[in-house]
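Mapping of the sequence shown onto my numbering: position 46 corresponds to residue 46, and the numbering continues sequentially without gaps.
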Amino acid sequence: RPSRTSIPTIQNKLRRSEEFLTSPWTKNGGADTTLVANATLAPDNTMTADSIEVTVGGLNKGVFYDPAVHTPLALGRPGTFSVYMKGAVGGEQVQIGDANSRTDVVLTTSWVRYEAAFHRQQSTFNVIYALSPTTPLFYVWGAQIVGANWAGTYQVTTAAAVDTGNIRSLALTLRTTAT
1 RPSRTSIPTI
11 QNKLRRSEEF
21 LTSPWTKNGG
31 ADTTLVANAT
41 LAPDNTMTAD
51 SIEVTVGGLN
61 KGVFYDPAVH
71 TPLALGRPGT
81 FSVYMKGAVG
91 GEQVQIGDAN
101 SRTDVVLTTS
111 WVRYEAAFHR
121 QQSTFNVIYA
131 LSPTTPLFYV
141 WGAQIVGANW
151 AGTYQVTTAA
161 AVDTGNIRSL
171 ALTLRTTAT
C-alpha cells in the first residue's frame, strides 16, 4: 500500500545571501552606518561574515533587501526570513524581518540563526537594523527567505536564488512478504 511523505524543497529566494555589500542588499543610515565585507569568521569557518556598525542609533539603520532590484516573494505571500548574527560584545539589540512585522533580538557573542515569519504587504522588506546607539557593531552571515512558515536548511546563493519548487510528495511502496 503506497504512502506519501512530504519532502521539503531546497529554497533560498534571496540573491547574494552572504554578500551584504552587494545589490540587492542596500545600506541604510548614511554616514551613521558602516558595512565591512568578510570582517570575521562565519559559522562555516570561512572568512565571509560581514560587519554592520551603527555609530548613531535609531530605527532604519543597517541593511535592507531591495525588492526593486529582485523580488523574492510576491505581495501578499507569507514567508520566513532568517539570518545568522552575533554581537561584537553581546547585548546588541537588532531588528529583523519585514517592514510590517519586525522581530527584535538581543545578540550574544556566538553565532545564532534568527528567524522572523512575515506576510509581505509592502515593497520594502527584509531588514537587519540596529535598534539603539548601544548597537555599535555586529556581524551578519547567511540570510535566507523561504516561501513557508519555517526557515528550512540554509542554502547559500550568489547571483541567482535557489528554488527547486514547491513541496513535493514522494510515493513509497512498502511490501510485506509472508513466509
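Note that the Cβ used here is the ideal one computed from N, Cα and C, for glycine as well.
Minimum Cα-Cα distance from K86 among the listed residues N45, D163, R113 corresponds to R113. Runs of beta strand (DSSP E) with 3 or more residues, each lying fully within the stretch 63-99, are found at 78-87, 93-97, listed in chain order. Counting every other CB atom within 10 Å of its CB across the protein chains shown gives G97 a total of 16 or more, marking it as buried. Annotated three-state conformation of G30 is helix, per DSSP. The beta carbons of E18 and W25 sit no closer together than 8 Å. Within the DSSP secondary-structure output, K61 pairs in a beta bridge with A130. Counting C-beta atoms within 10 angstroms of its own C-beta, W150 has fewer than 16 neighbours from the protein chains shown and is therefore classed as exposed. For D50, the enclosing beta strand (DSSP E) covers residues 49-54. Taking the C-beta atoms as reference points, L14 is found no nearer than 8 Å to P78.
One alpha carbon belongs to V89, the other to I52, and they sit about 13 Å apart. Under the three-state reduction of DSSP output, L21 falls in the coil class, being neither helix nor strand. For A49, the CB contacts under 6 Å within the same chain, skipping 5 residues up- and downstream, are T40, A42, Y139, W141 in chain order. CA-CA distance, G152 to V83, rounds to 12 Å.
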